[in-house]
Structures are given as structure tokens and as C-alpha cells.
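Using my numbering, read the sequence shown as starting at -17 and increasing by one per residue.
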Amino acid sequence: MKPACGKGSEMQATIVAAEPLAARAGLQILEQGGNAVDAAVTVGFALAVTFPEAGNIGGGGFLVGDVGRARGTDDGQPICLDFREKAPLKADRDLYVRAAEAGIEKASLLGHLAAAVPGSVAGLLDALDRWGSLPRSRVLAPAIGLASRGFPMTASRHRRLSSKGTRGQMTLFEETARIFYPDGEPVAAGEIFKQPDLARTLQRIADNGREGFYGGETADHILVEMKRGGGLIAIEDLESYRAVVREPVQFELNGVEVLTMPAPSSGGICLEQMLRILSRFPLEEFGAGSTDTIHLLAESMRRSFADRNHFLGDPDFVSIPTEKLLSEERIEAMAKSIDLKKSTPSSAITPAGATEKEETTHYSILDRHGNAVAVTTTLNGSFGSKVVVPGTGFLLNNEMDDFTARPGEPNLFGLVQGEANAVEPGKRPLSSMTPTVVIGSGGEVRGVLGTPGGPTIITNVLQVFLGLYRHNLSPEDAVSQPKVHHQSLPDHLYHEEGIAKETLMALKDRGHQLKRRGKIGDFQLISVAPGGAVRGVSDPRGGGTTATKVKIQRN
């Protein structure tokens, strides 16, 4: 592999995130000499403060990167870290069936039983220890400052907190209501929002590392709240949790190499399947957004999600036939089964399928040496389980709903999943998070990609990749183009507004069951041109999100 950039030259360091204060925190670390992993850890902890609906220390996520370059002279090293949440050891496959029979509604979504063992703190600290260069106290300082000093409540978050559904659920829990609804009303737009308990929790992590979260005072607070609310997380769960280094899914296509996330993410396998199916068809000739292209997108998505829903789960618990799923024979058979003039009913491909939440967040980072990191984290639903652990300031996830919580019933995202993703003690739930890094033929980083959006993450990354590397769209157009989504079940082709009416009619004539929906994702893209020009694009769907860049003088 060739160096990322010529000897003596440096890249334009870029951070693209859904929340500008967290992006600026990462920028500070880059300006202080930190690398892409240092900045990623900083942004991750800062998002727990400034983006509480999805950023977190009470959830989990995935990290994919290409690092190890220094001053443009070293080759990159693929890295992949799984810090997905785990089912408590007291959990079992019939947990939510029993809860429903006992009259406990939404037990996998709301309240203490919905919480899986958090992985974000272990993952971020492990990444820093393995691949970072700065001390823990330095990378956590911006988040601690934001939590203690506070920052203005945004109008969009105020609206979300004011909505009937969110307010009704958040105020069920006393500590959550105290923080977000002081005096019985949501924190006003523009009001300085301080989180002193969260600042103290972050300081304990800065001082004591993982023990500052999985042991000591923070763990005591978690255990007391679990007992009070009937949750399952125990000290054994906290003490035993570890992030896992995994081999990334790697494949070459369209003149580039793709690094993305393996199971327990379904993203890598599905992305490779769909891209290789579509490589059999002349998409360039059909054109981006054409009837033929959208039809082929839908048919490849439907087939890949059928495999996802049936075969994929935590590889530490189930045997995943990866070689078979990605074999030439299977890809060719899937491609040949597509009728260019007629949609295939999902019932003809798979008998069943569960829903996954969309309230994730993603950020992409490129440092001046060309090291790239893509990170996607989640609480699952917006504000997770809605439970703030008293004395800590952080929200717990509701990730247990990402399992096949109740067989045959769709989850939050409408996914109907199989036995491979059933609840088991200590198991990680299947995810769609797809942080992705694209490497050029010379070994240089060409793209850092990712988005929130539940199952639409995979199909959104697919469409941005195709826009960049097959349709030759600009980075801005690749991100902003109207998106579609199909997940096998329910048998709907979801689409955003902006697709031509005649195209939609033609798709309907081919048998697609069209369903318009709101925005798909909040893409965070860094694109590097062959000549080295860097462009950061934060999805306009995000409503005011920004790309933060630091320009560095080339030698």
C-alpha cells in the first residue's frame, strides 16, 4: 500500500458530526496534536452531553477505521471494535413474553427491563488505549466542561421534549423529569442546560478509567436503580463487560476497498451482498434515480434483508454462514432471481422477518495524516429507555428491543427477525449500524461514511456509496439525493419525497407497494478526491448540523 499522502504533506483534517459542539470538541483535540482516534473518543463522550437523545455513555456502538499513518509515511491499519450492548445475564428468551402476560406494556422499549448492559464507555476507552495518543484526562476534558458549564438548549431538542409522546414517557421517571423538565416544563430553547451529575460521572471515568463506570460509585448508582425499577443489570454484568476487537468486513469493488462492520452488525454482510448483486447490472447506463436503478435497489435490498432476518445474530452465540452468504454462487443466484420488469413478493423469498430504532448517531473523522475513523453509537430509541440513573446524569438504552423480543412480532423498526437473534444471557443484539471506510487503490483513504437510521442505515450507506463510486455524483448530491428503503418485511418500498411522479408510477406498475415516509437518515460523509481534496458533508436532513474542518498548511 502506498502512503496516504505524499511525504512532507498533510491532509485537511475534517470532522463531520450531527451536533456542532461535539464536533468542535473533537477539533480541539486535533489542534492539540491528537489523532483521529483521540478525536473520535472525545466526540463520543461529548455527544453524551450535547446530544442526549442518541449520544451516550449508557448505550453502545461500533468503530471502524484505517489508522497508523504518521506524517504521510506509514501505511494504514484496518481497525474494528464492537462495543455493542449485551443482554443481562439474568435475561432469557421468554422475558418479554412473560412481561406481556403480566400486563407490563412495552417492557422491551420503556423502563428498566429494556436496558441492556452499556458498552460505550468500555469501547471508547479501549479504542483510546489501543490506538489513541493522548491521556484519558485530555480527551474527556471537553465533555466534562460542556456538562458542567452547560450550553444553550436547541429549539429542535426543546420541540422534541415538548412533544406529547416524548413528554409522556420521559416524565414517568422522576430523575429524568427532574433533569429535562425542571418545574414541570421542558428546558426552554436558549436556556443554559447544565448537567452536574453527568459531569461528575465523566470525571470519575477520566480519573479511574473503566472502573469509574463499571465499578465504584457509578456502578453502585446503576445497581440501586436496577433494584428500585425491577431491571436486570447486576454487578456481574458490569464487571464482565468488554469491548471486542473484530476483523472488519473487507472487499474490493469499483476500484476501491471497503472496510465495514461485521456481525453483530448486519451492515457489513448486507452491504457487500447488495453491492455485489448490483455490480451485475449497468447502473451507470440506467442513471441515478431512474426507475430501473430504484427497482434494482429495492430488489437487492429485499433479498439481502431476507438473509439478515433469518441468519444473522451475535457471532459469539450463533454460527453465521458468512462464506455461503457471500459466495459467488449465492450472489449470482440472487442477481439472476431479479426480474427487471417485475418486483418479487417478499413472501416468495422469506416467510418471516423485527423492528429496530432509528435514534442512533454517527460521526466521521479524518486527521491530518490521513487516518480515518467512522463511529456509530446508539441508545436505540430516542432518549433510550427514558430512565436516567439517579446520581449519574446519563440515560440507559432500550437496546433489548433489538433482539427478537417476541417471536413473530415486529420491533420498533418493523423488522421481523428469526431465532439467530433471540434473547440469550450475555448476548449482543443484532444491529444495522454500518460505519464504513473506503480505501483507494493506492492505499489512501477515499471516504468515511455513516448515518443513523435503524435498518435504513445499511440501505443509505449503499446509496451514498453508489452515488460516489458508480454514478459519479458530487459528495453533496450523493448525500442529499432522495433515498429509498426496503427491508423484506413489511413488503413496502419506502421512499422520500423528491422522486419524480412518473418514476413512482412506473415502480408501482412493476408491483412495488410504495410507502412515502419522512427523512431517511442523517448522513455524515467525508469524501477525499484522488488528488487529495477533502470535502465534509453533513446531511441537510439533519436540520442545521455542520461539518467542522481545520485547514492545515501543506509543507
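All residues carry an ideal CB built from backbone N, CA and C; glycine is no exception.
Any 3 or more C-beta pairs closer than 8 Å across the stretch 135 to 145 and the stretch 249 to 261: No, because fewer than three Cβ pairs between the stretch 135 to 145 and the stretch 249 to 261 fall closer than 8 Å, the two stretches do not touch.
Rounded C-alpha distance that separates Thr557 from Arg498: No information on residue 557 is available, as it lies outside the stretch -17 to 537 that the chain covers here.
Residues near Ile217 by beta carbon distance below 8 Å, same chain, minus five either side: Mapped onto the sequence shown, residue 217 falls at position 235. Excluding positions up to five away in sequence, the list reads Ala201 and Leu205.
DSSP three-state assignment for Ser367, whether helix, strand or coil: Stepping through the sequence shown from its first residue, residue 367 is reached at position 385. For Ser367, the three-state secondary structure derived from DSSP is coil.
Selected residue, minimal CA-CA separation from Ile215, among Gly424, Gly40 and Gln506: Within the sequence shown, residue 215 is the residue found at index 233, counting from 1. Nearest of Gly424, Gly40 and Gln506 to Ile215, Cα basis: Gly40.
Member of Met243, Gly172, Ala96 and Gly480 whose CA lies at the smallest distance from the CA of Arg139: Against the sequence shown, residue 139 aligns to sequence position 157. The candidate whose alpha carbon is nearest that of Arg139 is Gly172.
Gly237 classed as buried or exposed, judged by whether at least 16 other C-beta atoms fall within 10 angstroms: Along the sequence shown, read from residue 1 onward, the residue named residue 237 stands at position 255. Classification for Gly237: exposed.
Ile251 and Gln185 closer than 8 Å at C-beta: Sequence index remark: in the sequence shown, residue 251 carries index 269 (1-based). Sequence index remark: in the sequence shown, residue 185 carries index 203 (1-based). No.
Met540 to Gly43 span [Cα, whole Å]: Residue 540 cannot be examined here, being either before or after the span of the chain that is shown, -17 to 537.
Among Val99, Arg66, Pro34 and Arg192, nearest to Ala73 - alpha-carbon criterion: Reading the sequence shown from its first residue, position 91 is the one you call residue 73. Comparing C-alpha distances from Ala73 to each of Val99, Arg66, Pro34 and Arg192 shows the shortest one belongs to Val99.
Residues that Ser520 bridges to, as DSSP identifies them: Against the sequence shown, residue 520 aligns to sequence position 538. For Ser520, which the question treats as bridged, DSSP gives the partners Gln506.
According to DSSP, residues forming a beta bridge with Ala(-1): Within the sequence shown, residue -1 is the residue found at index 17, counting from 1. DSSP output for Ala(-1) lists Tyr345 as bridge partner(s).
Coil, strand or helix - Pro164 by DSSP: As a working note, residue 164 is residue 182 in the sequence shown. In the structure shown, Pro164 sits in a helix (DSSP, three-state: H, G or I).
With 16 other Cβ atoms within 10 Å as the buried cut-off, status of Pro333: As a working mapping, residue 333 is identified with position 351 in the sequence shown. Its pLDDT being 36, under 50, Pro333 is placed unreliably in this model, and the value from its coordinates should be taken loosely. With fewer than 16 other Cβ atoms within 10 Å, it is exposed.
Candidates Ala7, Ala5, Asn17 and Ala0, of which the one nearest Met(-7) by Cα: Locating residue -7 in the sequence shown gives position 11, counting from the first residue. Of Ala7, Ala5, Asn17 and Ala0, the residue nearest in Cα terms is Asn17.
Residue of Val369, Leu444 and Glu426 minimising C-alpha distance to Ser414: On the sequence shown, residue 414 is found 432 positions in, with the first residue counted as 1. For the residues Val369, Leu444 and Glu426, the minimum Cα distance to Ser414 belongs to Leu444.
At least 3 beta-carbon pairs within less than 8 Å: the stretch 290 to 308 vs the stretch 403 to 411: Contact check between the stretch 290 to 308 and the stretch 403 to 411: three or more CB pairs, one atom from each, fall below 8 Å, which counts as touching.
Helix, strand or coil at Ile313 according to DSSP, with G and I counted as helix: Working through the sequence shown from its first residue, we reach residue 313 at position 331. DSSP places Ile313 in helix when its eight states are reduced to three.
Nearest candidate by alpha-carbon position, reference Gly191, set His203, Ala330 and Val103: Mapped onto the sequence shown, residue 191 falls at position 209. Ranking the options by Cα distance to Gly191, first place goes to Val103.
Distance, Ala82 Cα to Phe447 Cα: Position 465 of the sequence shown, counted from the first residue, corresponds to residue 447. Position 100 of the sequence shown, counted from the first residue, corresponds to residue 82. Rounded to the nearest angstrom, the gap between the Cα atoms of Phe447 and Ala82 is 42 Å.
Met208 versus Gln469, Ala245 and Gly93, residue with shortest Cα-Cα distance: Counting from 1 along the sequence shown, the entry for residue 208 is found at position 226. The residue from Gln469, Ala245 and Gly93 with its alpha-carbon nearest to that of Met208 is Gly93.
Distance, Lys176 Cα to Ala129 Cα: Counting from one through the sequence shown, the residue named residue 129 turns up at place 147. Counting from one through the sequence shown, the residue named residue 176 turns up at place 194. CA-CA distance, Ala129 to Lys176, rounds to 6 Å.
Residues sharing a beta bridge with Tyr476, DSSP: Translated into the one-based positions of the sequence shown, residue 476 becomes position 494. Paired residues: His467 and Lys497.
Phe540 - containing alpha helix (DSSP H), residue span: Examination of residue 540 is not possible in this model, given that the chain is present from -17 through 537 alone.
C-alpha gap between Ala402 and Asn380, whole angstroms: For the purposes of this step, residue 402 is taken as residue 420 along the sequence shown, with counting starting at 1. For the purposes of this step, residue 380 is taken as residue 398 along the sequence shown, with counting starting at 1. Distance between the alpha carbons of Ala402 and Asn380: 20 Å.
Local Cβ density within 10 Å of Ile320, reported as buried at 16 or more and exposed below that: As a working mapping, residue 320 is identified with position 338 in the sequence shown. Answer is buried; the Cβ neighbour count reaches 16.
Touch test, the stretch 142 to 160 against the stretch 350 to 361, Cβ-Cβ under 8 Å, three pairs minimum: The answer is no - the stretch 350 to 361 does not touch the stretch 142 to 160, with fewer than three Cβ pairs under 8 Å.
Separation of Phe65 from Leu106, as counted between CA atoms: Here residue 106 refers to the residue found at position 124 of the sequence shown. Here residue 65 refers to the residue found at position 83 of the sequence shown. The straight-line gap from Cα to Cα measures roughly 8 Å.
Alpha-carbon spacing of Asp274 relative to Thr343, whole angstroms: Translated into the one-based positions of the sequence shown, residue 274 becomes position 292. Translated into the one-based positions of the sequence shown, residue 343 becomes position 361. If you draw a straight line from the Cα of Asp274 to the Cα of Thr343, it is about 32 Å long.
Alpha-carbon spacing of Val(-2) relative to Phe287, whole angstroms: Counted from its first residue, the sequence shown places residue -2 at position 16. Counted from its first residue, the sequence shown places residue 287 at position 305. Within the model, the alpha-carbon separation for Val(-2) versus Phe287 is close to 29 Å.
Euclidean distance between Cα positions of His277 and His467: Sequence index remark: in the sequence shown, residue 277 carries index 295 (1-based). Sequence index remark: in the sequence shown, residue 467 carries index 485 (1-based). If you draw a straight line from the Cα of His277 to the Cα of His467, it comes to about 11 Å.
Identified DSSP bridge partners for Lys68: What you label residue 68 is simply residue 86 of the sequence shown in a count that begins at 1. Paired residues: Val99.
Where Glu83 sits in the DSSP three-state scheme: On the sequence shown, residue 83 is found 101 positions in, with the first residue counted as 1. Three-state result, Glu83: helix.
Own chain residues within Cβ distance below 7 Å of Thr158, not counting five before or after: Along the sequence shown, one-based indexing puts residue 158 at 176. Taking Thr158 as the centre and dropping the five residues before and after it, the same chain places the C-beta of Met152, Lys368, Val369 and Val370 closer than 7 Å to its C-beta, in chain order.
Element boundaries [beta strand (DSSP E), containing Ala354]: Against the sequence shown, residue 354 aligns to sequence position 372. Counting along the chain, the beta strand (DSSP E) containing Ala354 begins and ends at Ala354 to Thr360.
Supposed close pair Gln463, Ala280 - CB separation, criterion 8 Å: Numbered from its first residue, the sequence shown carries residue 463 at position 481. Numbered from its first residue, the sequence shown carries residue 280 at position 298. Incorrect: roughly 15 Å between the Cβ atoms, too far for contact.
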